[in-house]
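A.B. asks: Take this structure first; my questions come after.
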Amino acid sequence: MIPNDPVMLLSFINLKLRDFYGNLEALCEDLEIDQTELVSKLAKIDYHYDEGKNQFV
């Protein structure tokens, strides 16, 4: 289960990206998360996925 709160979600996703996944697609596939929905939810708090950093910034 992933956090519902957007700020907690940001922290959770960035930690997972940093420690376990090479890219957002792999994370979403493995955790069975809708990538579009995740990106949209984090965009609402002005965070966007940076492929080069493999983090939401």
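Position 7 of the sequence shown, counted from 1, bears residue number 182 in this note's numbering, the numbering being contiguous throughout.
Backbone N, C-alpha and C define an ideal beta-carbon position, used for all residues, glycine too.
All of these numbers come straight from a predicted model, not from anything done at the bench.
1. For D225, write down the residues that DSSP places opposite it in a beta bridge.
2. What do you reckon, are the CB atoms on L192 and L199 nearer than 8 Å?
3. Using only alpha-carbon positions, find the residue among G227, Y222, G197 that is nearest to S186.
4. Straight-line CA distance for Y196 to K219?
5. For the alpha helix (DSSP H) containing I188, name the first residue and the last one.
C.D. replies: In short, the structure shows the following:
1. Position 50 of the sequence shown, counted from the start, is the residue given in the question as residue 225. Paired residues: Q230.
2. As a first step, residue 192 must be located in the sequence shown, where it is residue number 17. As a first step, residue 199 must be located in the sequence shown, where it is residue number 24. Their beta carbons are under 8 Å apart, which means L192 touches L199 by this criterion.
3. Counted from its first residue, the sequence shown places residue 186 at position 11. The shortest C-alpha separation from S186 is found at Y222.
4. For the purposes of this step, residue 196 is identified with residue 21 of the sequence shown, where counting begins at 1. For the purposes of this step, residue 219 is identified with residue 44 of the sequence shown, where counting begins at 1. Straight-line Cα distance between these residues: approximately 23 Å.
5. By 1-based counting over the sequence shown, the position of residue 188 is 13. Where I188 is concerned, the enclosing alpha helix (DSSP H) stretches over 181-194.
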